[in-house]
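Have a look at the structure below, then the notes.
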Ligand SMILES: [Zn+2]
């Protein structure tokens, strides 16, 4: 069984006869997962948005400004959030977009409360 994971959850799986066959089909199986819409990499609001981390998010940050690759402020449509686990909640100041100064913490329990009463933010 070949399994593709995202944030610790299986997002795509396929059965192959043996390891040699699985290795031969691996790239094709990855493309099938992408074609089937399983490669959507936006945050889910439940898990940490740090790449490679599958821990549960404990903080929710509102992004103050979006920046282009060349460092200019980019127009932002709507409010965007990022979520991080306890280990990754301190972002530092290395990036413009992904820096402590560019985030406003929004209590994560507010979001949970909205879900409990059936509202969507
Ligand atoms: Zn994390």
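Numbering (this note's numbering), first residue to last: 32 to 152. Beta carbons: idealized from backbone N, C-alpha and C, even for Gly.
Selection from 77, 82, 86 and 62 that minimises the alpha carbon distance to residue 35: 62
If you draw a straight line from the C-alpha of residue 118 to the C-alpha of residue 108, how long is it? 29 Å
When you compare the CB positions of residue 33 and residue 47, do they come within less than 7 Å of one another, or not? yes
Roughly how many whole angstroms lie between the Cα atoms of residue 55 and residue 45? Roughly 13 Å between the two C-alpha positions.
Please return the same chain residues whose Cβ sits closer than 7 Å to the Cβ of residue 98, not counting the five positions on each side in sequence. 104, 105, 127 and 128
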